[in-house]
Amino acid sequence: MFEVVKRDGLARIGKFQTRSGVLETPALLPVVNPKICTVSPRELYEEFGFRAIITNSYIIKNNPELKAKAQEVGLHEMLDFPGVIMTDSGTFQSHMYGEVEVTNEEMVGFQKNIGTDIGTVLDIFTEPYWTKEQTADSIEITLERTKEACDMKGDMMINGVIQGSVYQDLREYCARSMAPMDVDVHPIGGVVPLMEQYRYLELVDVVISSKRGLNPNRPVHLFGAGHPMVLALAVLMGCDLFDSASYAKFARDDRMMFIDGTYRLQDMQSLDCNCPACRGLTLEALRKMEKKEKERTIAKHNLYQITNELALVKRYVREGRLWELAEMRCRSHPALLDALRRLEEHWDFMERYDPISRDGAMFYTGAETRGRPVFGRYISRLWDRYIPATDKAALFYDEDSKPYSRAMAADFNRARKAGYTPVVVSPFGPVPAELDELYPIAQSVFPKILDSDTLIESESLTVNFLEHKFTETINGSDITDDGTEVYDPDMIRAKAVSRYQFGIDATDALFRGKIELVISKNTGKIRNVISDGEHILSMRAGDGLYTLRKEGADRIVSAVPAPFMRVRVSDDAVPFVSEGKNVFCQFVTECDKELRPMEEAIVTDGNDKVIATGRMILVAEEISSFKKGVAVKVRSGAGDET
Ligand code: GUN
Ligand code: ZN
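Under the working numbering, the first residue of the sequence shown carries the number -8, and numbering increases by one thereafter.
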């Protein structure tokens, strides 16, 4: 059973329940070679805190001594490891050395026999240079073997490996075909050669196309990914488990892993590492160490680099800022920068999981930041949902502090009085004055000196927008006369934010009859929207977006047909949700696929009657696939709280 406890886009912090305890993900499993234990499993558990390891059942099976011991006392006792043990099946040996002389049935049976927690199918490693036909044929064999493994797994969990070389359609097909099978974990396989050759660009295609076909309720393992430099990116793409053999392999030939790459001891100028393994050591002292001691020291150093980075990745996921860490990390190598740029092409998929709002500000780290889903989403909503209050625009530039309508209040006022809608040319593209307080416009930090890519892009988006939405544009600084137009900036904002958030039809239903706005005396910001005496919306000060109240939800439901904004629950959940209890996945019978994480949702019963409002935690696809967990965080009581 896998439960997501915190998510940031596709990245997730999860709890994976196994026979040997609950494993928190993302997790990295050090590879333990049962013949050479550079760092013992007990040390991995106690000194480094690893709660799971991976070892190779094929190696154990082929070594009479190890085989007898494993069968006699079991894998956990043989390795002296109290945590979760995953085993691989011999597939990697076939990739390295050619055909292996075992059957899938034998390998799965053996793994069960020695007490593995998570065993692996004997999948076929699809090499990146394979033809499409060869790849497609071998996937069919892997799928058959996966079915066979599921039938015989008993209480062992099983790894169903996604193969498909670099063919995205085959990756997705393979993943989709395994969704109905009783698989517990999905490793993405056949990627070691891509990583060895720094083909991270293709790795992005491979991971995302696999994710597209996968069932979201199972952890995804990126087979063979263990270098700290790729962890942030891989977690961002939705990978939950990793394994590293490199920490020990590299140590054997004097290679040290750092967050920005791998360095040979002989090429290094100084050690400058403060990890517990290196602390107090000089480069000279490390070089002069006796072979075994040196190997152990470097292996431990490598493990510390991995654990440090994994802890940092988790912190960024918890803070909802993993994009920022991934962008920073991807600047450490041009091949990773390619990966980051490639990720932009999977915008459609990433956007489905990207939250509508986050706590805290969004930091811009460079031109690639524009590839994040928030940018495209802002522009697409602006195009589809924004209706200007006047047909003339006055252009301003993002020079002052934010929100713009405060920093440039006098200029905006003059423009409005002359009948113009103020539009700011920002790094997001055009921002009409009335949208300047919502996430991410006001909650973002950009450098003062922008890169030319962003300037050009923002300019071209603005030109398009102006042509599309206005009949006339002038420079804001050219307006000198005092006009006489009467306008209500708060009312313009109240409607514009509603259209941006809920769309045009829902806004027509919400802003019906007599509208009054309650403005905060302290901040001057809109707090509540009252329509015909009913409090329908509350605006959150933090992200400038609305909280939908039940009275507002009723209006949307009578005007816009289901499934729009709806999360429908089964009859047995109705009494609980009506009392303000959260909606759990297993009670959802239908859900609008357009709802994004953190978006306002309307919880309805089987007759489309509103029973509560709340915020989405998971998206439709996840809700239908998860057996546990909160789908919608329901707002109890009056609905003023966020
Ligand atoms: N280890 C690294 N890559 C793979 C793979 O594709 N399949 C299996 N079973 N193990 C691996
Ligand atoms: Zn170190």
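For every residue, glycine included, the Cβ atom is placed at its ideal position computed from N, Cα and C.
Computed from a predicted model, the values in this text were never measured in an experiment.
Exercise for the section: Could you tell me which residues DSSP pairs with A385 in its beta bridges? Expected result: P413 and I465
Handout entry: Contact under 9 Å by Cβ, I483 with I547
Key = no
Practice task
Could you please go through the chain and list the residues whose beta-carbon is closer than 6 Å to any non-hydrogen atom of the ligand ZN?
Solution key: C264, C266, A268, C269, H292 and Y295
Handout entry: Residues of its chain near G630, where Cβ-Cβ distance is below 8 Å and the 5 sequence neighbours each way are ignored
Key = Caution is warranted here: a pLDDT of 43 is assigned to G630, below 50, making its placement in the model unreliable, and the coordinate value is therefore given only provisionally. Excluding sequence neighbours, G630 sits near S529, T538, L539, R540, K541 and T604.
Exercise for the section: Indicate whether at least one CB of chain B lies closer than 9 Å to the CB of E425. Expected result: Absent from the structure is chain B; it holds one protein chain and no more.
Handout entry: Cβ-Cβ distance between Y191 and G217 below 9 Å
Key = no
Exercise for the section: For A398, collect the residues of the same chain with a Cβ closer than 6 Å to its Cβ; drop the 5 residues on either side in sequence, then sort them by chain order. Expected result: D391 and S392
Practice task
Within the same chain, show all residues whose beta-carbon is closer than 7 Å to that of R(-2), passing over the 5 residues directly before and after it, in chain order.
Solution key: P588
Problem - Distance between beta carbons of E318 and E359, contact taken as under 8 Å - result: 6 Å
Handout entry: Contact set for S235: own chain, Cβ-Cβ below 7 Å, skip 5 residues either direction
Key = L19, P21, V22, G217 and I297
Practice task
Check each candidate in D599, P171 and A406 and name the one with the smallest Cα separation from G478.
Solution key: First, the amino acid is wrong: residue 478 is Tyr here, not Gly. It is A406 whose Cα lies nearest to the Cα of Y478.
Handout entry: Inter-residue Cα distance where the pair is T471 and S396
Key = 18 Å
Practice task
Give the secondary structure of H337 by DSSP, where H, G and I count as helix, E and B as strand, and everything else as coil.
Solution key: helix
Exercise for the section: Using the Cα positions of N47 and N150, report the straight-line distance between them to the nearest angstrom. Expected result: 13 Å
Practice task
Kindly examine the ligand GUN and report whether one of its heavy atoms sits closer than 8 Å to the Cβ of F83.
Solution key: yes
Practice task
Starting from E507, trace the beta strand (DSSP E) both ways and give me its first and last residue.
Solution key: I506 to I510
Exercise for the section: Under 8 Å Cβ to Cβ from R42, same chain only, skipping five residues before and after it: list those, please. Expected result: G12, L14, E15, A18, Y36, G74 and V75
Handout entry: Residue nearest to V91 in terms of C-alpha spacing, selected from E63, E131 and I50
Key = I50
Problem - P178 CB to nearest heavy atom of the ligand GUN below 8 Å - result: yes
Handout entry: Q154 beta carbon near the ligand GUN (any heavy atom closer than 8 Å)
Key = yes
Problem - Environment of A622 [buried if 16+ CB atoms lie within 10 Å] - result: buried
Practice task
Compare the C-alpha of D245 against each of K282, L227 and L213 and name the closest.
Solution key: K282
Handout entry: Residue range of the unbroken beta strand (DSSP E) whose run includes S522
Key = I517 to S522
Problem - Which listed residue (M147, A225 and G145) has its alpha carbon closest to that of V182 - result: A225
Practice task
Would you check if there are 3 or more beta carbon pairs closer than 8 Å linking the region 146 to 162 to the region 98 to 118?
Solution key: yes
Problem - Beta-carbon separation (whole angstroms), L294 vs V30, contact threshold 8 Å - result: 7 Å
Practice task
Would you grab the beta carbon distance between R376 and G494 for me? Rounded to a whole angstrom, and I think it's under 8 Å.
Solution key: 6 Å
Problem - Euclidean distance between Cα positions of H526 and E458 - result: 37 Å
Practice task
Using the Cα positions of A166 and M607, report the straight-line distance between them to the nearest angstrom.
Solution key: 26 Å
Problem - Contact the region 572 to 590 vs the region 609 to 624: 3+ CB pairs below 8 Å - result: yes
Practice task
Can you give me the Cβ contacts of L501 inside the same chain, cut-off strictly under 8 Å, excluding the 5 residues immediately before and after it?
Solution key: S489, F493, V520, S522, I527, L528, G543, R546 and I547
Practice task
Enumerate in chain order the residues of its own chain whose CB-to-CB distance from P554 is below 8 Å, with the five nearest sequence positions on each side excluded.
Solution key: E581, C582, D583 and K584
Problem - Among V415, D382 and L429, the one whose alpha carbon lies nearest that of A409 - result: D382
Handout entry: G0 versus L57 - alpha carbon distance
Key = 43 Å
Exercise for the section: Flag this pair as touching only if the region 203 to 214 and the region 158 to 174 have three or more C-beta atom pairs under 8 Å; answer yes or no. Expected result: yes
Practice task
Compute the Euclidean distance between the alpha carbons of F403 and G215, then round it to the nearest angstrom.
Solution key: 56 Å
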